[in-house]
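The block underneath contains the structure these notes are about, expressed in structure tokens.
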Amino acid sequence: MSTLTPHDTTDDSPAHYTDVDDLTTAEVESLLDSAAQRRADGSRSPLAEQTVALLFEKPSTRTRVSFETGLTRLGGHAQFLGPDDLQLGAGEPLRDTARALSGYVDGIVARLFDHEDLETLAAYSAVPVINGLTDAAHPCQTLADLLTLRETAGLDGSVAWVGDANNVCRSLVVGCAMLDVDLTVASPEGYGLDADHLDHAASLGTEPATTTDPEAAVADADAVYTDVWVSMGEDPDGDKRAAFEAGGFTVDEDLLDLAAEDAALMHCLPAHRGEEVTDDALEGAHAVVWRQAENRLYTQEALLEHLLAA
Ligand code: CP
Ligand code: NVA
Numbered sequence: 377m378s379t380l381t382p383h384d385t386t387d388d389s390p391a392h393y394t395d396v397d398d399l400t401t402a403e404v405e406s407l408l409d410s411a412a413q414r415r416a417d418g419s420r421s422p423l424a425e426q427t428v429a430l431l432f433e434k435p436s437t438r439t440r441v442s443f444e445t446g447l448t449r450l451g452g453h454a455q456f457l458g459p460d461d462l463q464l465g466a467g468e469p470l471r472d473t474a475r476a477l478s479g480y481v482d483g484i485v486a487r488l489f490d491h492e493d494l495e496t497l498a499a500y501s502a503v504p505v506i507n508g509l510t511d512a513a514h515p516c517q518t519l520a521d522l523l524t525l526r527e528t529a530g531l532d533g534s535v536a537w538v539g540d541a542n543n544v545c546r547s548l549v550v551g552c553a554m555l556d557v558d559l560t561v562a563s564p565e566g567y568g569l570d571a572d573h574l575d576h577a578a579s580l581g582t583e584p585a586t587t588t589d590p591e592a593a594v595a596d597a598d599a600v601y602t603d604v605w606v607s608m609g610e611d612p613d614g615d616k617r618a619a620f621e622a623g624g625f626t627v628d629e630d631l632l633d634l635a636a637e638d639a640a641l642m643h644c645l646p647a648h649r650g651e652e653v654t655d656d657a658l659e660g661a662h663a664v665v666w667r668q669a670e671n672r673l674y675t676q677e678a679l680l681e682h683l684l685a686a
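All residue numbers for the sequence shown refer to our numbering, where the first residue is 377 and numbers rise by one.
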């Protein structure tokens, strides 16, 4: 199973999930169907005797627990490896860690700071690597987001992202482009999507609209999605929070009043109440955040089965 060199793209290379477009659109749609089925009837597909390492450099509630639980439900086993558990923490290179782990486990879910490290891990791993969040992407979140959208606003509804064009936003952009979802991204000047993100989305299908005006983005939207202004491990300049505050980027009930009457309020969580979203909004009738969080379990079970089942 193990190998001493990085993998090129031969037929023997494992399939990874470093961002949403590692899957085809048909595969994303099939995973959403499979996840919805699991949600409806609790179906299981065994990954008997398979072990997946969860290599996490950052804290996690939803990603860690949904992967651990999902693996149990699939008949497999999760092995959690935190930042201080491995020789990695004492300086062993990631490429050596990848090759050693490949000899023991059947897959690796990694939550890393630097997306390039995730790519290194995937390049040196002989088993599938799943991105459990990097500074650049959070594609497992996107699968749950797409399922939640399908169940609430509908994939033909309009989505307004209100906030930082961060990892969660960027993978959502990729997923929405692939499934032709109408997305508008509102961010303060200097914190929005860059040209590369927009070009990538265009190459996959639909490019999102962009604006610095949260009210314009939210007007009549079928779903409103926000996330923290400052992500884990980020060392923002002093002006960042001020820019979001001054620009009216807190999602509150007044902002939601501009959206469609039954608009879905989404948040990947954890939320910083009082910053990107108010407590009233998060606890109000629009919020679908607990369904969204639960959908992490079903979509990741579908992904694990897709990547690992023989
Ligand atoms: N949304 C999400 O990934 O949450 P955790 O950081 O709790 O895993
Ligand atoms: N953008 C947030 C998402 C947390 C799930 C972060 O990276 O901290």
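Cβ atoms here follow ideal geometry from the backbone N, Cα and C, with glycine treated the same way. Keep in mind the model is a prediction, meaning the values are calculated, not measured.
Can you tell me the Cβ-Cβ gap for residue 581 and residue 540, rounded? I've got them flagged as a contact below 8 angstroms. Here residue 581 is taken as the residue at index 205 of the sequence shown, counted from 1. Here residue 540 is taken as the residue at index 164 of the sequence shown, counted from 1. That belief does not hold up - the Cβ atoms of residue 581 and residue 540 are roughly 23 angstroms apart, past 8 angstroms.
With a threshold of 7 angstroms (Cβ to nearest heavy atom), would residue 617 be considered close to the ligand CP? Within the sequence shown, numbered from 1, the residue matching residue 617 stands at position 241. Result no, Cβ not under 7 angstroms from the ligand CP.
Can you give me the C-alpha to C-alpha distance between residue 603 and residue 543, rounded to a whole angstrom? If you number the sequence shown from 1, residue 603 lands on position 227. If you number the sequence shown from 1, residue 543 lands on position 167. Those two C-alpha atoms are separated by around 10 angstroms.
Candidates 491, 498, 439: closest to residue 475 by CA position: Here residue 475 is taken as the residue at index 99 of the sequence shown, counted from 1. Nearest C-alpha to residue 475: 498.
For residue 532, tell me which candidate among 398, 507, 554, 513 has the shortest Cα-Cα distance. Against the sequence shown, residue 532 aligns to sequence position 156. Out of 398, 507, 554, 513, the CA that lies nearest to the CA of residue 532 is found in 554.
Where does residue 558 sit, in a helix, a strand or coil, going by DSSP? For the purposes of this step, residue 558 is taken as residue 182 along the sequence shown, with counting starting at 1. Of the three classes helix, strand and coil, the one that applies to residue 558 here is strand, per DSSP.
Taking just the CA atoms, how far does residue 512 sit from residue 488? Mapped onto the sequence shown, residue 488 falls at position 112. Mapped onto the sequence shown, residue 512 falls at position 136. Cα-Cα distance, rounded: 10 angstroms.
Contact set for residue 574: own chain, Cβ-Cβ below 6 angstroms, skip 5 residues either direction: Within the sequence shown, the letter at position 198 stands for residue 574. Closer than 6 angstroms at Cβ, skipping near neighbours: 583.
Go ahead and pull the three-state DSSP assignment for residue 498. As a position in the sequence shown, residue 498 is number 122, starting the count at 1. In this structure, residue 498 counts as helix in the three-state DSSP scheme.
Any idea which residues DSSP pairs residue 601 with across the strands? Start at 1 with the first residue of the sequence shown, and residue 601 comes out as number 225. DSSP output for residue 601 lists 537, 642 as bridge partner(s).
Please go through the stretch 610-634 and give each complete alpha helix (DSSP H) segment of 4 or more residues, from N-terminal end onward. Within the stretch 610-634, the complete alpha helix (DSSP H) runs of at least 4 residues are 616-622, 629-632.
Nearest to residue 397 by alpha carbon, out of 578, 458, 672? Counted from its first residue, the sequence shown places residue 397 at position 21. Among 578, 458, 672, the Cα nearest to that of residue 397 belongs to 578.
Using 8 angstroms as the Cβ pair cut-off and three pairs as the minimum, do the stretch 669-683 and the stretch 621-640 touch? No contact exists between the stretch 669-683 and the stretch 621-640.
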